[in-house]
Each structure stands twice: as C-alpha cells, then as structure tokens.
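Student: Numbering (the numbering used here), first residue to last: 3 to 272.
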C-alpha cells in the first residue's frame with residue numbers, strides 16, 4: 003500500500019508540475035477538471051446520507067470558473083458563485099419536495115469547494131507573474147509534503163491520538179512531523195527561488211508559510227474526514243489508487259490556499 007501511495011503520489015505530482023510550468027492554459031485545464039471531480043465526489047458523498055443537492059449548480063460553476071475569472075475578474079466569479087447559490091435556494095419554488103437540508107447541501111458544496119478554487123485561480127494570477135506561480139507552488143508543495151511527513155512520522159513515532167473521534171489514525175507526533183516537513187519544504191523553496199529565480203523573499207516568510215500551510219492543511223484534512231465519517235465512507239472516490247478520489251488529494255489545499263493568497267498578496271507583495 004505504501005509503495006502504491008508513493009508511486010501514485012510521484013506521478014500525480016509530476017503531472018501537476020508539468021501543468022503548472024508548461025503554460026497557464028494547461029494549469030487552467032487541470033483546475034477545471036479538479037474542481038469538477040471534487041464537486042461531483044462531494045455530491046455523491048452527500049447523497050449517501052439522504053441529501054439531494056442540486057448537482058448542476060456545482061458542475062456549471064466548475065466549468066465557468068476559468069472564463070469568468072479570466073475575462074471578468076474576481077467580481078465576475080463571485081457574481082457567478084452568488085447566482086448559483088441563489089439558484090439552489092430558488093429551486094424549491096418549483097420543487098416543493100426539496101428540503102432545506104437539500105438546499106444547504108448544494109450551497110455548502112459551492113462554498114466549501116468553490117471558494118478555494120476561486121482563490122487558486124487568483125493566486126496563480128498574482129503579479130508579478132513569478133510570484134503567482136510561486137504562491138501556487140508553495141500552496142501545493144507545503145500542503146502535500148505536510149501530509150507525507152505526517153504520514154511517515156505518525157507511522158514511525160505515533161503514540162498519542164490527535165482526534166480519535168474523527169480520524170483515529172492521526173497522531174500528535176504525526177501532526178508535528180507534518181509541520182516540520184512543511185517548514186523544510188518552505189526552506190527548500192526559498193533557496194530555490196533565491197538562487198534560480200533571483201527573487202528576494204526572506205527565509206522568514208517561508209518558515210511562517212510552512213507552519214501556516216501545515217496547520218491549515220491538517221485542519222482541512224480533518225474537516226474532510228468528518229464529512230466522510232458522516233457519510234460512512236473511507237474515501238471520496240477511487241481515482242488515485244492508495245489515495246482515494248480527487249477530493250481526498252486536495253482536501254488539505256482547500257484550507258491552505260486562502261492563507262497563502264492573503265500572505266502573498268498583502269504581506270510579501272503588499
């Protein structure tokens with residue numbers, strides 16, 4: 003299982019790096035696909051426990067997020083999100099069997115998954131261009147390496163349970179290992195961008211980002227685990243052998259990207 007996780011993790015990381023560095027449109031294509039699959043998986047999980055979310059609202063959002071953001075900016079994307087949220091609520095006018103819980107499940111999915119994907123898009127479009135690329139790379143690398151280090155630290159040294167009611171396998175030692183791994187990733191990124199890219203960003207920023215990314219990534223993972231526990235499932239999907247579905251792979255990033263966006267935009271670039 004560990005070997006499978008490593009192989010799939012390396013391959014998916016290489017594909018993501020290719021999409022990120024090849025062109026902006028390859029990255030946008032991956033963004034749309036990831037958004038679509040994540041929303042689809044969340045709807046499937048909610049349906050398992052009796053909710054009936056309005057699927058088309060989330061799927062329309064995932065398809066339109068890039069053109070809306072590219073041509074209309076943040077205002078257009080937020081307007082799109084609001085209109086689809088209102089459409090979910092107005093759905094009951096024509097379908098009286100639709101309950102408040104059904105409406106809330108639709109709106110919850112739009113905001114839980116939709117807003118972070120909006121921020122990924124606008125993080126990538128931070129200017130100067132190199133900083134946008136670096137901000138996305140920081141989000142992904144620190145979040146995923148936090149997960150990797152937490153897994154191995156927990157496997158090797160885990161004793162005290164972190165949140166046994168939500169995720170029995172997670173430990174305090176694993177959590178600490180995740181923070182260390184994320185900070186080390188930040189240090190490597192700092193050395194890389196200073197020497198290869200010539201960007202003058204202080205090491206202290208990457209240390210802070212490493213800690214913030216790990217804490218938010220682990221929080222996002224626990225939130226996703228609580229949803230899966232409620233739905234009675236182990237994983238959201240089976241797209242990635244050993245890892246689960248798309249949402250299982252990016253649940254930590256959903257919570258990390260808002261923090262990274264704010265930090266880069268208002269502290270590093272501000």
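The beta carbon of each residue, even a glycine, is placed where N, CA and C say it ideally should be. All of these numbers come straight from a predicted model, not from anything done at the bench.
Can you tell me where the alpha helix (DSSP H) with residue 260 in it begins and where it stops?
Tutor: The residue you call residue 260 lines up with position 258 of the chain shown. That run of the alpha helix (DSSP H) goes 248-265.
Student: Out of curiosity, what's the CA-to-CA distance linking residue 30 and residue 157?
Tutor: Within the chain shown, residue 30 is the residue found at index 28, counting from 1. Within the chain shown, residue 157 is the residue found at index 155, counting from 1. About 36 Å.
Student: Please report how far the alpha carbon of residue 122 lies from the alpha carbon of residue 33, in whole angstroms.
Tutor: Taking the first residue of the chain shown as position 1, residue 122 is located at position 120. Taking the first residue of the chain shown as position 1, residue 33 is located at position 31. Spanning the two alpha carbons is a distance of roughly 8 Å.
Student: Compute the Euclidean distance between the alpha carbons of residue 36 and residue 163, then round it to the nearest angstrom.
Tutor: Position 34 of the chain shown, counting from 1, holds the residue named residue 36. Position 161 of the chain shown, counting from 1, holds the residue named residue 163. For residue 36 and residue 163, the distance between alpha carbons rounds to 31 Å.
Student: Does residue 170 come out as helix, strand or coil in the three-state DSSP assignment?
Tutor: Here residue 170 is taken as the residue at index 168 of the chain shown, counted from 1. DSSP places residue 170 in strand when its eight states are reduced to three.
Student: Let me know the secondary structure DSSP gives residue 236 once reduced to three states.
Tutor: In the chain shown, counting from the first residue as 1, residue 236 sits at position 234. Residue state, collapsed to three classes: coil.
Student: Tell me the rounded alpha-carbon separation between residue 275 and residue 72.
Tutor: Past the edges of the chain, shown from 3 to 272, lies residue 275, and the structure says nothing about it.
Student: DSSP beta-bridge partners for residue 163?
Tutor: Taking the first residue of the chain shown as position 1, residue 163 is located at position 161. 173, per the DSSP bridge assignment.
Student: In chain order, what residues of the same chain have a beta carbon less than 7 Å from the beta carbon of residue 70, not counting five sequence neighbours either side?
Tutor: Residue mapping note: residue 70 aligns to position 68 of the chain shown, counting from 1. Taken in chain order, the residues that qualify are 78, 79 and 82.
Student: When the Cα atoms are used, what is the spatial distance from residue 25 to residue 18?
Tutor: The residue labelled residue 25 in the question sits at position 23 within the chain shown. The residue labelled residue 18 in the question sits at position 16 within the chain shown. Taking the straight line joining both Cα atoms gives about 12 Å.
Student: Expressed to the nearest angstrom, what Euclidean distance is found between the alpha-carbon atoms of residue 172 and residue 6?
Tutor: Numbered from 1 along the chain shown, position 170 holds the residue referred to as residue 172. Numbered from 1 along the chain shown, position 4 holds the residue referred to as residue 6. One C-alpha to the other measures close to 20 Å.
Student: Assuming residue 152 and residue 116 are in contact, meaning their beta carbons sit under 8 Å apart, how far apart are those beta carbons, in whole angstroms?
Tutor: Taking the chain shown and counting its residues from 1, one reaches residue 152 at position 150. Taking the chain shown and counting its residues from 1, one reaches residue 116 at position 114. So it is not a contact: roughly 27 Å between Cβ atoms.
Student: Roughly how many angstroms separate the alpha carbons of residue 196 and residue 132, rounded to a whole number?
Tutor: Taking the chain shown and counting its residues from 1, one reaches residue 196 at position 194. Taking the chain shown and counting its residues from 1, one reaches residue 132 at position 130. If I take the Cα positions, the gap works out to 12 Å.
Student: In the DSSP assignment, find the alpha helix (DSSP H) that holds residue 109 and state where it starts and stops.
Tutor: Numbered from its first residue, the chain shown carries residue 109 at position 107. Note, residue 109: alpha helix (DSSP H), 102-111.
Student: For a quick check, are the C-beta atoms of residue 55 and residue 256 less than 7 Å apart?
Tutor: As a first step, residue 55 is located in the chain shown; it is residue number 53 there, counting from the start. As a first step, residue 256 is located in the chain shown; it is residue number 254 there, counting from the start. No, the Cβ-Cβ distance between residue 55 and residue 256 is not below 7 Å.
Student: Tell whether a beta-carbon distance below 7 Å holds between residue 168 and residue 86.
Tutor: The residue given as residue 168 occupies position 166 in the chain shown. The residue given as residue 86 occupies position 84 in the chain shown. Note that the C-beta distance between residue 168 and residue 86 is not below 7 Å.
Student: Using only the alpha-carbon positions, how far apart do residue 264 and residue 113 sit?
Tutor: Residue 264 sits at position 262 when you count from the first residue of the chain shown. Residue 113 sits at position 111 when you count from the first residue of the chain shown. Taking the straight line joining both Cα atoms gives about 18 Å.
Student: Compare the C-beta of residue 134 against all C-beta atoms of chain D and say whether one is closer than 7 Å.
Tutor: The question asks about chain D, but that chain is absent: this structure has only one protein chain.
Student: State whether the segment 180-191 contacts the segment 140-148, with contact taken as three or more CB pairs (one from each stretch) at a distance under 8 Å.
Tutor: Yes, they touch.
Student: Around the C-beta of residue 23, are 16 or more other C-beta atoms found within 10 angstroms, so that it is buried, or is it exposed?
Tutor: Residue numbering aside, residue 23 sits at position 21 when the chain shown is read from its first letter. The residue in question, residue 23, is exposed, as its Cβ has fewer than 16 Cβ neighbours within 10 Å.
Student: Can you grab the Cα-Cα spacing for the pair residue 261 / residue 185, in whole Å?
Tutor: If you number the chain shown from 1, residue 261 lands on position 259. If you number the chain shown from 1, residue 185 lands on position 183. Using only the alpha carbons, I get a separation of about 15 Å.
Student: In this structure, what does DSSP give as the bridge partners for residue 154?
Tutor: Start at 1 with the first residue of the chain shown, and residue 154 comes out as number 152. The partner list for residue 154 (beta bridge, DSSP) is empty, contrary to what the question assumes.
Student: Pop quiz: residue 222 and residue 258 are said to be a contact at Cβ under 8 Å. What is the actual Cβ separation, rounded to whole angstroms?
Tutor: Against the chain shown, residue 222 aligns to sequence position 220. Against the chain shown, residue 258 aligns to sequence position 256. Yes, they are in contact, since the Cβ atoms of residue 222 and residue 258 sit about 7 Å apart, within 8 Å.
Student: Hey, out of 254, 203 and 41, whose CA is closest to residue 214's CA?
Tutor: On the chain shown, position 212 is the one that residue 214 refers to. The residue with the shortest Cα to Cα distance from residue 214 is 254.
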